[in-house]
Ligand SMILES: Nc1ncnc2c1ncn2[C@@H]1O[C@H](COP(=O)(O)OP(=O)(O)O)[C@@H](O)[C@H]1O
Ligand SMILES: [Mg+2]
């Protein structure tokens, strides 16, 4: 393992790299070991309690559970946006608590794509500008950056919306822009927190189709959802309650 | 290198997205720099005009006034005061005049009542007065030795009095001084260094003594000194005139008043500079305030940027760069505005524009420093925001 784990496999690995290296090793992309996340100082709130979880490349995982069960907290930890109060989170075998902020940020930028329920686009930027945001500070020439961002929008059928601001777009379009932003870096892990929660059924179905198309041998997709039919499409379903994982089911029969 | 370009683009788009807010926080550096540039520019330009006037007038004129012994009504100098003064080695020329009190000057017969109530000062003067004052004659000639020799009753009018009397150039005009007719032979130009002379009528010392019946002794001397030794000359004159006698002499350098005016503007300049500094400080507080609020308003944006991989230091740099741009742009606009004010006012006041362009970068640098310092705290706050709390995942 290199000292720069995120510029070398498994993190930051280009998708053209020999596939299967991770899978044959059985090496997880990310590993939670007895992780707890406690909020508050005087009154402690356990958002996550002693959770262990491994996320493997190529996985399509749904996380379900009632409101307040710790799903979002878990997603934040998986995305290295947050650090555990206790326990260890390992990315490519390295404890993320030992990484400094620039390295953790680089890890997020290179290998993780987030999608949120409220889309979370930057309001003063166009669709293209929002997607480009994910490619900043990477020594990419502005022209190349624009091209890549435009390509990502085009892939999701949004090329006509490139110059539109968020307020000029429908919810479905905004969420697709957010998706384009998440995939433009070609990340190894896509984390989505109820991505269809704010959409009508037609738009939700469209967005789910996109998520399914994102499946690949190297990439893991983790999606928090309320919708049982959405959860049913995932190959692995993790159920949570009161900050604990109460079920971790693997769906055997593969439907296409 | 590209990363700096990215940072500039991000900061710039942030400012551009909120134009009114950006303009508002820019007002501090704009007003501050404009105030300082125009304060210095205006006072220097005004002083430039004063100095041009001073060098034209010559700063080497000394006026000596007879102070007399205590209680005496009409103090005078000895009649050979001019010779005594010319013994001072730094004196290059001197002229004596006498105020003739009690002489009534009447331009036309009918208006005697008015001119008795408001008498025109009449002065006896020697031949040298215009050359010592370095003032040309507007019309005709000055009093000459011929006037004395031939006992001519000639009078020269000051510029102001000539206007008041409605005297036309070349006109043959007789005026009455007490009960004698005097012929106007010339008009003296305006005397900037002693405007009192503009409202006087001048007669020869002979006429003062023999026609108007005064003692004719001088009580006011105009003295030119070697340039650079004006003050020393002024100091030497009282002794030179009194020669150990009882004559009281007070001297005055009229250009000192103008120079003091230029000096007084220095104080004005400092006050304006202080005001500019105050505007800058208040502007800085404004920047800190508005940027702090802005960081809270834009916390979602900050969270998004963190989620897509921008580090804490990049977020901090983004906001710091915004305040840096505010300082740079505000400074540039303020400097342009300040220069425009100096040009505008100078055109209006007829001054020659003097702008210390070399000082402008100092004021702009100061604005920049204030803006960046003001942006420091909000930037640190932005960098420290916890991304998860700002995004509140579903
Ligand atoms: N910043 C926070 N401060 C205090 N408590 C929090 C914070 N964030 C989440 N919690 C608590 O942690 C628990 C889990 O929250 P969350 O992960 O958002 O659940 P879910 O996404 O499943 O609805 C909840 O009880 C919530 O109130
Ligand atoms: Mg949630």
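Protein chains in written order, with our numbering: chain A, 3 to 258; chain B, 4 to 397.
Cβ atoms here follow ideal geometry from the backbone N, Cα and C, with glycine treated the same way.
Residue i versus residue j: straight-line alpha-carbon distance, rounded
{"i": "residue 109/A", "j": "residue 316/B", "result": "15 Å"}
{"i": "residue 96/A", "j": "residue 86/A", "result": "14 Å"}
{"i": "residue 43/A", "j": "residue 359/B", "result": "60 Å"}
{"i": "residue 101/A", "j": "residue 93/A", "result": "10 Å"}
{"i": "residue 37/B", "j": "residue 283/B", "result": "10 Å"}
{"i": "residue 91/A", "j": "residue 133/A", "result": "28 Å"}
{"i": "residue 95/B", "j": "residue 229/B", "result": "6 Å"}
{"i": "residue 3/B", "j": "residue 222/B", "result": "Chain B is shown from 4 up to 397; residue 3/B falls before or after that span and cannot be answered."}
{"i": "residue 393/B", "j": "residue 121/A", "result": "13 Å"}
{"i": "residue 150/A", "j": "residue 65/A", "result": "31 Å"}
{"i": "residue 433/B", "j": "residue 181/B", "result": "The displayed coordinates of chain B run from 4 to 397. Any statement about residue 433/B would go beyond what the structure contains."}
{"i": "residue 106/B", "j": "residue 125/B", "result": "7 Å"}
{"i": "residue 98/B", "j": "residue 207/B", "result": "12 Å"}
{"i": "residue 229/A", "j": "residue 112/A", "result": "30 Å"}
{"i": "residue 99/A", "j": "residue 106/A", "result": "9 Å"}
{"i": "residue 201/B", "j": "residue 276/B", "result": "39 Å"}
{"i": "residue 240/B", "j": "residue 367/B", "result": "51 Å"}
{"i": "residue 60/B", "j": "residue 187/B", "result": "27 Å"}
Burial state of residue i (16 or more Cβ within 10 Å)
{"i": "residue 170/B", "result": "buried"}
{"i": "residue 4/A", "result": "Only weak support is given to the placement of residue 4/A: the predicted model assigns it a pLDDT of 36, under 50, and the value that follows is read from those uncertain coordinates. Burial call: exposed."}
{"i": "residue 292/B", "result": "exposed"}
{"i": "residue 47/A", "result": "exposed"}
{"i": "residue 166/B", "result": "exposed"}
{"i": "residue 159/A", "result": "exposed"}
{"i": "residue 288/B", "result": "exposed"}
{"i": "residue 236/B", "result": "buried"}
{"i": "residue 88/A", "result": "exposed"}
{"i": "residue 7/B", "result": "exposed"}
{"i": "residue 296/B", "result": "exposed"}
{"i": "residue 128/A", "result": "buried"}
{"i": "residue 355/B", "result": "exposed"}
{"i": "residue 17/A", "result": "Legend: pLDDT at residue 17/A = 38, less than 50; position of this residue unreliable, value from coordinates given subsequently. Exposed, because fewer than 16 other Cβ atoms sit within 10 Å of the Cβ of residue 17/A."}
{"i": "residue 168/B", "result": "buried"}
{"i": "residue 19/B", "result": "exposed"}
{"i": "residue 146/A", "result": "exposed"}
Per-residue contacts from residue i into chain A (C-beta, under 7 Å)
{"i": "residue 6/B", "result": "139 and 141"}
{"i": "residue 394/B", "result": "118 and 122"}
{"i": "residue 391/B", "result": "78, 83 and 84"}
{"i": "residue 13/B", "result": "138"}
{"i": "residue 20/B", "result": "126"}
Within chain B, partners of residue i - CB distance below 7 Å
{"i": "residue 116/A", "result": "310"}
{"i": "residue 221/A", "result": "Chain B residues near residue 221/A: none, gap ~17 Å exceeds 7 Å."}
Partners in chain A for residue i, counting only beta-carbon separations shorter than 9 Å
{"i": "residue 317/B", "result": "104, 107, 138 and 139"}
{"i": "residue 363/B", "result": "Chain A residues near residue 363/B: none, gap ~33 Å exceeds 9 Å."}
{"i": "residue 303/B", "result": "120, 122, 124 and 125"}
{"i": "residue 42/B", "result": "Here the premise fails: no neighbours, minimum Cβ distance about 38 Å."}
Partner residues on chain B for residue i, Cβ-Cβ distance less than 9 Å
{"i": "residue 112/A", "result": "312"}
Under 8 Å from the C-beta of residue i: neighbouring residues of chain A
{"i": "residue 293/B", "result": "Chain A residues near residue 293/B: none, gap ~16 Å exceeds 8 Å."}
{"i": "residue 307/B", "result": "122, 123, 124 and 135"}
{"i": "residue 16/B", "result": "126, 127 and 131"}
Per DSSP, cross-strand counterpart(s) of residue i
{"i": "residue 239/A", "result": "64/A and 251/A"}
{"i": "residue 190/B", "result": "142/B and 160/B"}
{"i": "residue 33/A", "result": "56/A and 92/A"}
{"i": "residue 68/B", "result": "223/B and 253/B"}
{"i": "residue 178/B", "result": "185/B"}
{"i": "residue 224/A", "result": "63/A and 193/A"}
{"i": "residue 41/A", "result": "47/A"}
Neighbouring residues, chain B, relative to residue i (Cβ below 8 Å)
{"i": "residue 183/A", "result": "311"}
Cβ of residue i within 8 Å of any chain D Cβ
{"i": "residue 370/B", "result": "Protein chains A and B are contained in the structure displayed, whereas chain D is not."}
Hey, which unbroken runs of the alpha helix (DSSP H) at 4 residues or more fall wholly within the stretch 77 to 149 of chain B? 84 to 89, 115 to 120 and 132 to 136
Extract the residue ranges of the beta strand (DSSP E) inside the stretch 265 to 353 of chain B, only unbroken runs of 3 or more that lie entirely within it. none
List, from N- to C-terminal side, the alpha helix (DSSP H) runs of 4 residues or more that fit wholly inside the stretch 98 to 146 of chain A. 103 to 113 and 129 to 135
Segments assigned alpha helix (DSSP H), at least 4 residues, entirely inside the stretch 199 to 262 of chain B: 208 to 213 and 233 to 245
Please give the ranges of any alpha helix (DSSP H) in the stretch 190 to 215 of chain A, keeping only runs that are unbroken, at least 4 residues long and fully inside the region. 203 to 215
Which runs of the alpha helix (DSSP H) fall wholly inside the stretch 23 to 69 of chain B and span at least 4 residues, in chain order? none
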